[in-house]
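Undergrad: Each protein sequence line maps, in turn, to chains Y, L and E. All residue numbers for the first sequence refer to the numbering used here, where the first residue is 1 and numbers rise by one. All residue numbers for the second sequence refer to the numbering used here, where the first residue is 1001 and numbers rise by one. All residue numbers for the third sequence refer to the numbering used here, where the first residue is 2001 and numbers rise by one. Heads up, the beta-carbon is just placed ideally off N, CA and C, and yes, glycines get one too. First the structure, which I've put down as structure tokens, then a few questions once you've had a look.
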Amino acid sequence: MTVTPLGIPRRLLEFTLDGQEVRVPEGSTVLDACRAAGKDVPTLCQGDTLRPKNACRVCVVEVEGSRTLVPACSRTAEPGMVVRTDTERARHSRKVVLELLASSVDLSTTPRVAGWIKEYEAKPDRFGPEAARLGEEPRVDNDLYVRDYDKCILCYKCVDACGDQWQNTFAISVAGRGFDARIAVEQDAPLTDSACVYCGNCVEVCPTGALSFKSEFDMRAAGTWDETKQTETTTVCAYCGVGCNLTLHVQDNEIVKVTSPHDNPVTHGNLCIKGRFGYQHVQNRD
Amino acid sequence: MRKRQPKTYTRLTHPLVRDSRDEPFRRASWEEALDRAARGLQGNRGVFGMFSCARATNEMNYVAQKFARVVMGTNNVDSCNRTCHAPSVAGLSAAFGSGGGTSSYEEIEHTDVIVMWGSNARFAHPIFFQHVLKGIRNGARMYAVDPRRTSTAEWAESWLGLNVGTDIPMAHAIGREIIHAGLANEAFIERATTGFEEYRALVEPWTLSLAEKVTGVPARAIRELAHAYARAERAQLCWTLGITEHHNGTDNVRALINLSLLTGQVGRYGAGLQPLRGQNNVQGGGDMGAIPNRLPGFQDILDADTRLKFESAWDTVIEPHYGLNLTEMFEAMEEGSLRAVYCVGENPAQSEADSEQAVRRLRQLDFLLVQDIFLTKTAELADVVLPATAGWAETEGTTTNSERRVQRVRRAVTPPGEAREDVDIICELAARLGHDWKYADSEAVWNELRSVSPDHYGMTYERLEEHQGIQWPCPSTEELEPTYLHGRLWEKDPARRGMPAPFGIVRHDPPVDLTDEEYPIRLTTGRRLDSYNTGVQSGGYASPLRRGEYVELSPEDAEHYGVVVGEEVRVSSRRGAVTAPVWVDPALRPGLAFMTMHFPDEVDTNQLTIEANCPIAGTAEFKASAIRIEKLPVATIVR
Amino acid sequence: MDLHFGDSKPTDDERAAVDALLGPPESSWEGADRSDADLRWARGGREARDRRDLLLPGLHALNDRIGWISEGGLDYLCRRLTVPPAEAYGVATFYAMFSLRPRPATVLHVCTDLACTAAGAADLCAGVEARLGPGVCVQRGPCLGLCERAPAALAVRAGDPVRTAVSAPATVREAVLAATAPDSAPEEPPAATAAPQAGDPELVLLGRVGVVDPSSLDDYRAHGGYTALRRAFELGPAGVIREVTDSGLVGRGGAAFPTGRKWQATASQPDHPHYLVCNADESEPGTFKDRVLLEGDPYALVEAMTIAAYATGAHRGYVYLRGEYPRALRRLEHAIARARARGFLGDDVLGQGYAFDIEIRRGAGAYICGEETALFNSIEGYRGEPRSKPPFPVEKGLFGKPTVENNVETLVNVLPILTMGAPAYAAIGTAKSTGPKLFCVCGSVERPGVYELPFGATLGEVLELAGVRPGLRAVLLGGAAGGFVRPDELDIPLTFEGTREAGTTLGSGVVMAFDGTVPLPRLLLRIAEFFRDESCGQCVPCRVGTVRQEEALHRIVERTGAAAADDIALLREVGRALRDASICGLGQTAWNAVESAIDRLGAYE
């Protein structure tokens, strides 16, 4: 008979990180090791519930023997590797990548990015006023969530969450190529004509606010969105027996958005349309 | 397409009373309403029924059943799990002595074969289905047994589109094939089960070709499923209401359990039985004793030692017999032997099969007390309505999910107006009826439950927080048990193995509501992705997927009746008739129609369904009605 | 999978085009009429989901038949293959040759890349646009691989079958004729005209081009064909790998990785099956040697692939051929069919009990698919985006399995290695760059074409052979991803080590000569446009960096000295990040040519 698999114990491996010997379990990424060592390597496209896509290239570090810089988020640590996270070369690439992003994308709702721009002395406006931007308008085609692709850094996280990594609905994909590549449903139609099931698992993983609850979008537009006044309380969804954990974000006694803990054994951060958006009935108060 | 918005309900913010059923409600103070409620219940000790809430917390359910047993002196306590999964509980406890699903979600990611039987989990349990999808991505093969080719079935290696109500022939044919192919797990049968010989004789007539004739599914497909399930090193068998909502739901469940006993696909990591619960605390409601035959911790009322333990803990005398289940309570209303009902958070006026009959019976009560967050159709019939808090967002406590995981719910928003928590309200009533219970908070209730339920003893609030929920059984405050149940069945030592699991000797019994020339179409019911039950909650948000209620027909039937999408038609059964627009769904075959119960204010589907109940569990046959479709004289197209 | 389809239905033509590729649908769930049996039992699951790799052929089938891909046609294809429509849409929009919007059945692709621009592509475009009515869609595009006959145009007329006509060197009149009457356009000149040395008995790689009948397997055998494969069976797989290793053969695609090591690494992988992929997606502007080989000596590739697969334990090989090579496609298809019919491919190759077969997959207009992992994604039916490495293809390549990928020229070199033996082969060329090498010479020369010389010949010798015209201003080595050198650097030895020492690159062997006709800043701008257009968009440095590079070059196209200094500084910073932080070779090399023009040629001074 089979018993509960405990998993094969992972071996530890040793490598050099910024001159220090570090030990991490086999299979860890360089980024895992950096975080374990308390180093803040910036990243935008890495998601804790998703396989690394390594598209943003903000997390690049220098690895001895490698011709190019390597992405910390997706490179698996190897024994004997010599990694340096803060060399001039790595910092230069991070700076330019931040400049390239900030000069083409609206990063106003991307957490932490303003701090990194300052830290790396990035100057996004050096490309001049004519520098091409995405130039997208927010797409408000349903009452639940808004797609504002002017804020999209094309990190693929929404595509991965909608696709085979979690939701398996495959409502969205990257369409087009190069600078014209955009996240789109088939035929670039409105969401309401697509396969979207409004689980909002794409909103959950979006790192820039390109995807947001309609409630958040409207409140931001009205100037009333205030995260300092919000509380986050984790409870259990009431819509079926699966028992998904919901984190209710509440401002002024109104639920303004719903997330789920990414390390939760039931949801892994995912919800369905009812759990994510079906909260309005409790606050139909008059 | 016109978006048809269901009725939106607004929250109850203060108590409502009325002095006679002919009058409208008037606003009342809590004092007045509680006094009035206490008076209404006082004279009805013993002829009382408690409808507890499968959606409220464990703590509320614990206090509610205690109220029924201690204050009102009756075991007549039940909840809406009767309308869905009571057969699962009955079937599983008959086989294994415990009514929970035997596996955990994570295990389905690491299994080899998954059978989804009568379950459109892709719509009804989307996040559970994500675990199934992980399993499929990890290489598991999934088989779907369902009359409709649902979204779930579209993921299957093989979909078996059986006739509604022929689950037992299908299961028995699978069992027979497994036996004849030499794929039965003889060691397990020998060691851990009883009644195999009788089972073998029972299934012997169910050849593949007979099953093909009865179920409509090709023999090859049945054979393939039988072999896949039996040969898998690990297999999971999951079901939902397609199995339970039949007049013989418990028999259906037993027929499926038999397959796991036959192959040893239970009691191991990755191998088990998983009934998917429809409501957030169906599991917990039963665990807390809010069912007529069990005390908290799923302990049998008929067991004298158990009763004694509770009698001393609660300082009371517990009736030494089972109470009435929900269905029986409704029948007792008809007979006049049940005179008062305290209904917390349930909406039987719309959720019961044959809803007109349910309303009539509720009207006959001497006293109906309803406690809810909305003025539901049931509340509209009440004498006193008490405004409660929403269990999941305004209340502290715990609920228990389909994998037996007890998890904390927390208060995130302040309830509106004068709404109060269920536990508070029940305690206020208990106090007025002479039982002064003091619970400082929900944790105090929980700790009392822990003291009387060994399976919950190890789950302190602190540990629940630390582990993001703990699965029962959890007898120790130091350790965690395996994620699956009934590992004992594999023990070598008979003493540790405990009670063997009996095969269920159950026979095919076709749906009560037969199709004939007058009612030629088989109507089955289910859920849609974005809506929930009677729509009282899910109607509150603007789902882009919602299109209101339709009667869904196969393309062939739509053509046959000369009706098009959006056209209103008359749908009649032997019990009632409704008007509904048509939707055409290629997942249906000719002769099969589908509706939901999400929009009862638009189309009251349960006027069509039949109150033919499972004699063991009391669940009605929502899944099989006979209907006819009539084109209206003047075509109305809803677009 | 529970896929969502819109209301659009395929036309009969679209359905026929897809069914011709996939066979008729097996059930109503796949698009056939509804039957009682379908409504009782449906198969699906793994098998249904495992056909994703037929997406790209399916898109070609629709585009070839109709000229564009409609929503109904795409939905039907998706239903047949169990592919989500959004993903198929993402894939279809990735490729330049597909249109998701209605367009005329005939498309005239006019090359506006470096060699053709220097040969007057701008006038050609203007001329054909003025002459052609709305019945033809004129599409300006990157290199068509016809640089020896610049300027070039390719007409594609959708239908059953699809018709193509090449016009090169194109005049307005000929290009219009090709577009309006592709069937009556004159036959292209034979492949040998692109190989000015054809017929020279000393040639090793081009020896059969212009000598054998490319359609005849027997003629191929009469000229030494299949002696190498016979030798391979004598040596056994390990013996073949030893020969290839000892020969010193390195990859000819540009990265110069030792072929023997790659084969050994794949052969020793415990995971199975192993795959062989031939990269014939030659899209580097100025490169056309694979086309000449495939058109002039297609059986050589079939034989070479059989040997490579045998050595590495693969039983299935793919040729990923760029979509702009209709004649190479026809010849290779024919060669594979003949070889299969005669037992040179199939279950029992040469009666040796070894099974191997080859499938051709057509690219659809994406330079990036020449990157090995992007090519895998493209074959698998995904967007042609490069994967991050490691893991390397030898470990996890096509379909996640150990894969050898070599380009056409590399594979064809295996034949002489086996027939003449590793030592004799290694004696050709220099110590570090062994064997013969093909150079694609075009631009300001009298006799553009593919030249075969032993490694070690100097740049001057190659140009001499091709008859360089007076007034040479610059030479671009290695194509758009390569670098410029000055006319006074003609003694650079054309070896991997020699070019590296000289601070430039050999790349894929492009030698493009420029006189002063087109101003250098214009050429650089064209190179920048090329990279901007061909960036897949996956990583930020390349997606945005190539745009910023183009913008800066645009600003300084008429400027020099101090007026250009700020933008040159900007270019250097962006270029450094492109090189350091891009995922794949496209971004990493997108700044090479511009940098070399600034540093070596003193552009903008």
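(1) Any beta-carbon of chain C closer than 8 Å to the one on Q167 of chain Y?
(2) Is A161 of chain Y close to chain E, meaning its C-beta is less than 8 Å from at least one C-beta of that chain?
(3) At least one CB of chain Y closer than 8 Å to the CB of E2551 of chain E: is that the case?
(4) In the DSSP assignment, the alpha helix (DSSP H) including I1189 of chain L goes from what residue to what residue?
(5) Do V30 of chain Y and A72 of chain Y have their C-beta atoms within less than 8 Å of each other?
(6) Within 8 Å (strictly less), CB to CB, does P265 of chain Y reach chain L?
(7) So who's on the other strand from I1291 of chain L, going by DSSP bridges?
(8) On the criterion of 16 or more Cβ atoms from any shown chain inside 10 Å, does Q20 of chain Y qualify as buried, or is it exposed?
(9) If we count Cβ pairs, one from each stretch, closer than 8 Å, do we get three or more for the stretch 1097 to 1105 of chain L versus the stretch 1502 to 1522 of chain L?
(10) Across which residues does DSSP place D1022 of chain L in a beta bridge pair?
(11) Which word fits L1262 of chain L, buried or exposed, when buried means at least 16 other C-beta atoms lie within 10 angstroms of its C-beta?
(12) Roughly how many angstroms lie between the CA atoms of C199 of chain Y and W1472 of chain L, to the nearest whole one?
(13) On the three-state DSSP scale, how would you describe Y1229 of chain L?
(14) Candidates L:P1590, L:P1615, L:P1482: which alpha carbon is nearest T1102 of chain L's?
(15) Can you list, in chain order, the residues of its chain with a C-beta nearer than 7 Å to that of T1166 of chain L? Leave out the 5 residues immediately preceding and following it.
(16) Report the neighbours of W1117 of chain L on chain E: residues whose CB is nearer than 9 Å to its CB, in chain order.
(17) Ordered along the chain, which non-local residues of its own chain (more than five positions away) have a Cβ less than 6 Å from that of T2011 of chain E?
(18) Rounding to the nearest angstrom, what Cα-Cα distance links F15 of chain Y and V63 of chain Y in this structure?
(19) At a CB-CB cut-off below 7 Å, which residues of chain E make contact with S66 of chain Y?
(20) Starting from L101 of chain Y, find everything on chain E with Cβ-Cβ shorter than 9 Å and list it in chain order.
(21) In chain order, what residues of the same chain lie with their CB nearer than 6 Å to the CB of T4 of chain Y, ignoring the 5 residues before and after it?
(22) May I have the straight-line CA-CA distance separating E1517 of chain L from N2377 of chain E, to the nearest angstrom?
(23) According to DSSP, T233 of chain Y sits in a beta bridge with which residue or residues?
(24) Give a yes or no on whether 8 Å exceeds the smallest Cβ distance from L1237 of chain L to chain E.
(25) Beta strand (DSSP E) containing I2358 of chain E: first to last residue?
(26) Interface residues of chain E around S108 of chain Y at Cβ under 9 Å?
(27) What does the Cβ neighbour count give for F118 of chain Y, buried or exposed, with the cut at 16 atoms within 10 Å?
(28) Can the beta-carbon of G2253 of chain E be found closer than 8 Å to that of Y2320 of chain E?
(29) Does R2140 of chain E come within less than 8 Å of chain Y when only Cβ atoms are used?
(30) Considering only their Cβ atoms, is the gap separating L2229 of chain E from T2312 of chain E smaller than 8 Å?
(31) Could you please give the first and the last residue of the uninterrupted alpha helix (DSSP H) stretch that includes A1542 of chain L?
(32) Indicate the three-state DSSP secondary structure (helix, strand or coil) for G1526 of chain L in the structure shown.
(33) If you draw a straight line from the alpha carbon of Q1299 of chain L to that of N1293 of chain L, how long is it in whole angstroms?
(34) Pull out every residue of the stretch 136 to 164 of chain Y whose Cβ sits closer than 9 Å to any Cβ of chain L, in chain order.
(35) Can you tell me whether A2341 of chain E is buried or exposed, with buried defined as 16 or more other CB within 10 angstroms of its CB?
(36) At least one CB of chain E closer than 8 Å to the CB of E1676 of chain L: is that the case?
TA: The answer reads as follows:
(1) The chain inventory of the structure shown lacks chain C, comprising the protein chains Y, L and E.
(2) no
(3) Yes, contact with chain Y.
(4) 1186 to 1192
(5) yes
(6) yes
(7) L:R1294
(8) exposed
(9) Segments in contact, no.
(10) D1022 of chain L is not bridged to any residue.
(11) buried
(12) 29 Å
(13) helix
(14) L:P1482
(15) If we look at T1166 of chain L and ignore the five residues flanking it on each side, its Cβ neighbours are V1214, T1215.
(16) The premise fails here: W1117 of chain L is roughly 15 Å from chain E at the closest Cβ pair, so nothing lies under 9 Å.
(17) none
(18) 11 Å
(19) Correct list: empty, because the minimum Cβ distance to chain E is about 10 Å.
(20) Under a criterion of Cβ atoms nearer than 9 Å, the residues of chain E adjacent to L101 of chain Y are, in order, V2540, V2544.
(21) Its pLDDT being 49, under 50, T4 of chain Y is placed unreliably by the model, and nothing is read from it.
(22) 57 Å
(23) Y:L248
(24) no
(25) Under the DSSP assignment, I2358 of chain E falls in the beta strand (DSSP E) whose first and last residues are 2354 to 2362.
(26) Neighbours of S108 of chain Y on chain E: none; closest Cβ ~18 Å, over 9 Å.
(27) Correcting the residue type first, residue 118 of chain Y is Lys in the shown sequence and not Phe. With fewer than 16 other Cβ atoms within 10 Å, it is exposed.
(28) no
(29) no
(30) Cβ atoms of T2312 of chain E and L2229 of chain E: not closer than 8 Å.
(31) Element bounds for A1542 of chain L: n/a, residue is neither H nor E.
(32) strand
(33) Using only the alpha carbons, I get a separation of about 9 Å.
(34) D141, N142, D143, L144, D164
(35) exposed
(36) What the structure shows of chain L is the stretch from 1001 to 1639, and residue 1676 of chain L is not part of that stretch, so it cannot be assessed.
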